[in-house]
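Residue numbers (the working numbering), protein chains in the order written: chain A, 1 to 251; chain B, 252 to 523.
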């Protein structure tokens, strides 16, 4: 596939990953895991795309859009970092650090989108005066989606047309300890995702369960899926024990 | 309850519209206002019938500021439709509807963000990441699973809202089921996050020195592992946790800080 064709497709993919029609539907496309696989497939290496997507996904695991504010954009991070990593043969840890700045940039892209939505909001007011619900539908769904297409498509298209060479040039120029440092950061960054989840769960008295999971892996060496099964069983025991007492279980 | 105006199909349609539009026209001025208005518009037309002025007022009422979580938030769509029906019968005024709507959006968003996005999504996607990092396409099953869950739960809560009206929320909250569900999901979530951070946060130190007389190499990492395996990983996770709880949730600053610390530590050969 030519670079131009790939740039076009990746722009469209980024749009599909971030367009908001269908609540939660974005998660079909927008998760780095899915995006990594698709972008990887386009570049002829879906499995490595999936692995790099998974590494990127970890940093954004706990991110919740409170009040509709996107603190970061995992889809932009993936649409840039996966192609760059596959084309330049970067390892997953370095790919994560390439992803991070674009994740932050993506938050601004979303701010542009939400500001542009003001136009349609005020148009919708006029349609309400007229009692025209078809007009309100268009202002709520159609127009914002069309505008979003251009806002999303352009940056990813441009970057994937020229970007890989630029990243290569930058990486060549960096001294060894910086590239090692970036790779170290790539290993630490997933801690953000986990810390956010611990924080958003916000139940300090339940923290021992975190350590149970952690040391089940460290000491017992069981797999993560085994942990999921045991975790589910423990959660169910607690849930039903709470039912039996016939009272609200507050942990 | 008295005779209902809307069929099951029409309530489902309201949910479908809410589901479609919930985030498309999210703007800084009134957030989900046009989305909510779209969701109820068609049914409002039926509810108000010949009363075009009442219909237009209702449309304007639902173009006012509104923002909540979309899954559990569907309950409000149902509740509002039930209340608009009551309003037409003259049982309540538009202010009451707006008041209840604004009163519900906060608590509902709190529950939805915590349960749906904070816990269920984290757990499902955590498992997905685990498969992805092993290079297994099974990972691709989980994102759609989450999308389907959102749709189904939303449809159910929307109908609950319409069937029970403003009584739906106390029923949702006070039965204690929600609390127990959140506790159980918290436990599973924490357990999974523990397991995943043990596997996928990677911090090790290459620090070591050689004892000249014997030639033995002493590696700090192997000592740390003997004391408590994964000490540095835990330090990383709880370091970030401490930063977020004490220094504010500035994501960008934190990422930069981690980059700087990593590069400095790599320079001195402390981490690598």
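Don't be surprised by glycine CBs; every beta carbon is placed ideally from N, CA and C.
Under the Cβ criterion of 8 Å, residue 413 of chain B is not counted among the residues facing chain A.
Residue 299 of chain B counts as buried, since no fewer than 16 other beta carbons sit within 10 angstroms of its beta carbon. Using a 10 angstroms sphere on the CB of residue 193 of chain A, the tally of other CB atoms reaches 16 or more, which defines it as buried. The stretch 456-465 of chain B and the stretch 384-398 of chain B do not touch, with fewer than three beta-carbon pairs separated by less than 8 Å. Sequence-distant partners of residue 322 of chain B (beyond 5 residues in either direction) whose C-beta falls short of 6 Å from its own C-beta, in its chain, are 363, 367, 401, 404 and 405. Look at residue 469 of chain B here: in three-state DSSP terms it is strand. At a cut-off of 8 Å between beta-carbon atoms, residue 139 of chain A makes contact with chain B.
Secondary structure within the stretch 99-184 of chain A: the alpha helix (DSSP H) runs of 4 or more consecutive residues, fully enclosed, are 133-137 and 143-173 (chain order). The C-beta distance from residue 36 of chain A to residue 78 of chain A rounds to 6 Å, short enough to meet the 8 Å contact threshold. Within the stretch 263-282 of chain B, 268, 269, 270, 271, 272, 273, 274, 275, 276, 277, 278, 279, 280, 281 and 282 place their CB atoms closer than 9 Å to a CB of chain A, listed in sequence order. The bridge partners DSSP lists for residue 60 of chain A come to none.
In this chain, residue 461 of chain B is not harboured by any alpha helix (DSSP H); it is covered by the beta strand (DSSP E) spanning 459-461. Taking 8 Å as the CB threshold, residue 125 of chain A lines the interface with chain B. In the three-state reduction of the DSSP assignment, residue 282 of chain B falls in the strand class, which pools E and B. Annotated as proximal: residue 413 of chain B and residue 333 of chain B, with beta-carbon spacing under 8 Å. In the assembly as shown, residue 346 of chain B is an exposed residue. Its beta-carbon has fewer than 16 other beta-carbons within 10 Å.
When C-beta distances to chain A are compared with 8 Å, the residues of the stretch 301-322 of chain B below that value are 303, 306, 307, 310, 311, 314, 318, 321 and 322, in chain order.
In chain B, no part has a C-beta under 9 Å from the C-beta of residue 74 of chain A; the shortest such distance is about 10 Å. Contact annotation for residue 224 of chain A against chain B: 381, 446, 447 and 450 [CB-CB distance below 7 Å, chain order]. Per DSSP, the continuous alpha helix (DSSP H) segment holding residue 450 of chain B begins and ends at 428-451.
Between residue 186 of chain A and residue 84 of chain A, the C-beta gap is not smaller than 8 Å, which leaves the two residues out of contact. The continuous alpha helix (DSSP H) containing residue 376 of chain B extends over residues 372-384. Between the stretch 194-205 of chain A and the stretch 487-502 of chain B, the count of C-beta pairs closer than 8 Å reaches three or more; the two stretches touch.
DSSP places residue 210 of chain A within a helical segment (H, G or I) once states are collapsed to three.
In the three-state reduction of the DSSP assignment, residue 317 of chain B falls in the strand class.
Using a Cβ distance threshold of 8 Å, residue 7 of chain A and residue 161 of chain A count as a contacting pair. Annotation for residue 454 of chain B: 483, 484 and 487 place their beta carbon closer than 6 Å to its own, counting only its chain and skipping 5 residues before and after. Setting aside the 5 residues that flank it on each side, residue 467 of chain B is surrounded in the same chain by 461, each with a C-beta closer than 8 Å to its C-beta; the list follows chain order.
The criterion of a C-beta distance shorter than 8 Å is satisfied by residue 359 of chain B and residue 327 of chain B.
In the structure shown, the three-state DSSP call for residue 339 of chain B is helix.
In the displayed model, residue 92 of chain A falls within a helix according to three-state DSSP. Under the Cβ criterion of 8 Å, residue 27 of chain A is counted among the residues facing chain B.
Residue 19 of chain A has its alpha-carbon roughly 21 Å from the corresponding atom of residue 40 of chain A.
Inclusion of residue 348 of chain B and residue 336 of chain B in the CB contact set at 8 Å is not warranted, their separation being larger than that value. The residues 422, in chain order, have a CB closer than 7 Å to that of residue 415 of chain B in the same chain once the five nearest residues on each side in sequence are set aside. Taken through DSSP and simplified to helix, strand or coil, residue 236 of chain A comes out as helix.
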